[in-house]
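Asks:
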Amino acid sequence: MADGHPARRVVDVLTGAWQAQALHAAAVLDLSDHIHAGRTTAAALADATGSGKDGVERLMRLLTAMGVYAGGPDEGYRLTEVGDLLRGDHDRSMRDMAVIYGDEFHRAWGAVVPAVRTGVSGFQHAFGTSLRGHLAADPQAAAKFQRAMNAGNVFFQDVLGAYDFSSARTVVDVAGGAGSLLATLLAAHPQLHGVLFDLPHVVPVAEEQLTRALGPGRHRTVGGDAFAEVPGGADVYLLSRVLQDWDDQACVRLLATVRAAMPATSRLLIVERVVPTDGSALLPLLWDLHLLMAAGGRERTLDGYRTLLDGAGLRLEAVRELALETSLLVVAPATDPAKEESR
10 MADGHPARRV
20 VDVLTGAWQA
30 QALHAAAVLD
40 LSDHIHAGRT
50 TAAALADATG
60 SGKDGVERLM
70 RLLTAMGVYA
80 GGPDEGYRLT
90 EVGDLLRGDH
100 DRSMRDMAVI
110 YGDEFHRAWG
120 AVVPAVRTGV
130 SGFQHAFGTS
140 LRGHLAADPQ
150 AAAKFQRAMN
160 AGNVFFQDVL
170 GAYDFSSART
180 VVDVAGGAGS
190 LLATLLAAHP
200 QLHGVLFDLP
210 HVVPVAEEQL
220 TRALGPGRHR
230 TVGGDAFAEV
240 PGGADVYLLS
250 RVLQDWDDQA
260 CVRLLATVRA
270 AMPATSRLLI
280 VERVVPTDGS
290 ALLPLLWDLH
300 LLMAAGGRER
310 TLDGYRTLLD
320 GAGLRLEAVR
330 ELALETSLLV
340 VAPATDPAKE
350 ESR
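This is the structure:
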């Protein structure tokens, strides 16, 4: 069958999930950690993972063809740059992302048809509860989810070059999760003091990570409901991949709460994927449907974000492109600062 044959395209798409599950298996079995530790033969990997040698050889053959590993059964296996990211102790580890995408999210995608038909998330169909409910009820699952989200944050470094933080002194990360974005900003800008605001059950995870990354004195963590009130008076507010989880009405409520906390000269930085109207980027389209599977959320077009901002008394000031087809929206209060300061 020629590579350009349409049937080959169908087969490639259908078997793409098999590649994802092979990567999931590598993460769950800690194959990269074992290879990094010197267990480079199929027999050694089988022994370390409690697996059959034949199954390991066949899995490694596929993963090697995928470029996750190099080498082979005779000379031993080696890590590639891709496989290295599956090490649990890598500073940019994507292991937990591979674990949760191959388990909970894979099961949620199994309910894609009822999710599309009903608008109810695939996760709800598969698990009988929402993703939020699942995470709130299971602290271990919540911690795993936060680690998985951190693993997909390769674009956080790009935020440093996309916005000038030199004149800012305080930054509030609203629904900041485990605090990876806030830690990145504070590490790069010693003059910044950070506040991480999130639900009470998330705060301990963030406190641990921020203290480990920054030491004491550079931050504080606050638990609460972002739809009711957020800490006021900051120079910069952050909403990173938060709006994607909510419908339009809830987004306007959240944005209005942030707007109420913002001084006239402050800025809100929104990190989201923007759906292209011309179909030129694939990742935002994939993540848009994934959000329906996982949390019942959605990605939006640029006009969609403008509509949300207008409804909350905010205006879009600039758009900056980040890695992995992600965007930084720089947002200002819609009210003229001179008028507001004269009140």
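In our numbering, the protein residues as written are 10 to 352. Quick reminder that beta carbons are idealized off the backbone N, C-alpha and C, glycines included. Quantities reported herein were computed from a predicted structural model and do not represent experimental measurements.
Give the DSSP-derived three-state secondary structure of L154 in the structure shown.
Replies: A small correction: the amino acid at residue 154 is Phe; Leu does not occupy that position in the sequence shown. F154: helix per DSSP, three-state reduction.
Asks: Looking only at its own chain, which residues have a Cβ that is under 6 Å from the Cβ of T179, when we skip the five neighbours before and after it?
Replies: Counting only Cβ-Cβ distances below 6 Å, and skipping sequence neighbours, we find H202, A243, D244.
Asks: Would you decide whether E350 is buried or exposed? Buried here means 16 or more other CB atoms lie within 10 Å of its CB.
Replies: For E350, the predicted model reports a pLDDT of 45, less than 50, meaning its position is unreliable and no value from the coordinates is stated.
Asks: Would V181 and A235 qualify as a contact pair, given that the criterion is a beta-carbon distance under 8 Å?
Replies: No, Cβ-Cβ distance for V181 and A235 is not below 8 Å.
Asks: Where does H134 sit, in a helix, a strand or coil, going by DSSP?
Replies: Helix at H134.
Asks: From which residue to which residue does the beta strand (DSSP E) around Y110 run?
Replies: Run containing Y110: none in the beta strand (DSSP E); it sits in the alpha helix (DSSP H), 104-111.
Asks: Tell me whether the beta-carbon of V211 lies closer than 8 Å to the beta-carbon of G233.
Replies: Going by C-beta atoms, V211 is not nearer than 8 Å to G233.
Asks: Taking the alpha helix (DSSP H) that R245 falls in, what are its first and last residues?
Replies: Residue identity check: residue 245 is Val in the sequence provided, not Arg. Unbroken run through V245 is the beta strand (DSSP E), 245-249; no alpha helix (DSSP H).
Asks: How many angstroms separate the CA atom of H134 from the CA atom of A120?
Replies: Cα-Cα distance, rounded: 6 Å.
Asks: For the candidate residues V91, A146, W118, F174, whose alpha-carbon lies nearest to that of L277?
Replies: When only C-alpha atoms are compared, the closest one is F174.
Asks: Measuring CB to CB, does G142 end up less than 8 Å from L301?
Replies: No, the pair does not count as a contact, with Cβ atoms beyond the cut-off.
Asks: Hey, is the segment 253-268 in contact with the segment 152-166, meaning 3+ C-beta pairs nearer than 8 Å?
Replies: Taking 8 Å as the limit for Cβ pairs, the verdict is that the segment 152-166 does not touch the segment 253-268.
Asks: Mind checking whether L325 and L333 have CB atoms under 8 Å apart?
Replies: Cβ atoms of L325 and L333: not closer than 8 Å.
Asks: Note down the Cα distance separating G312 from S275, rounded to an integer number of angstroms.
Replies: According to the sequence shown, residue 312 is Asp rather than Gly. Going from the Cα of D312 to the Cα of S275 covers about 23 Å.
Asks: Check the DSSP bridge columns for F164 and list the partner residues they point to.
Replies: In the DSSP output, where bridge partners are listed per residue, F164 has none listed.
Asks: Taking 6 Å as the limit between beta carbons, can you name the residues of its chain near L169, skipping five residues before and five after?
Replies: For L169, where only same-chain residues beyond five positions count, the Cβ hits under 6 Å are A197.
Asks: Give the straight-line distance between the Cα atoms of A237 and L23, rounded to the nearest whole angstrom.
Replies: Going from the Cα of A237 to the Cα of L23 covers about 44 Å.
Asks: Does DSSP put Y314 in a helix, in a strand, or in coil?
Replies: Three-state result, Y314: helix.
Asks: List, from N- to C-terminal side, the beta strand (DSSP E) runs of 3 residues or more that fit wholly inside the segment 219-294.
Replies: Correct list: 228-232, 245-249, 276-281.
Asks: Going by the beta-carbon positions, is the gap between A51 and M69 smaller than 8 Å?
Replies: Yes, the pair counts as a contact, with Cβ atoms nearer than the cut-off.
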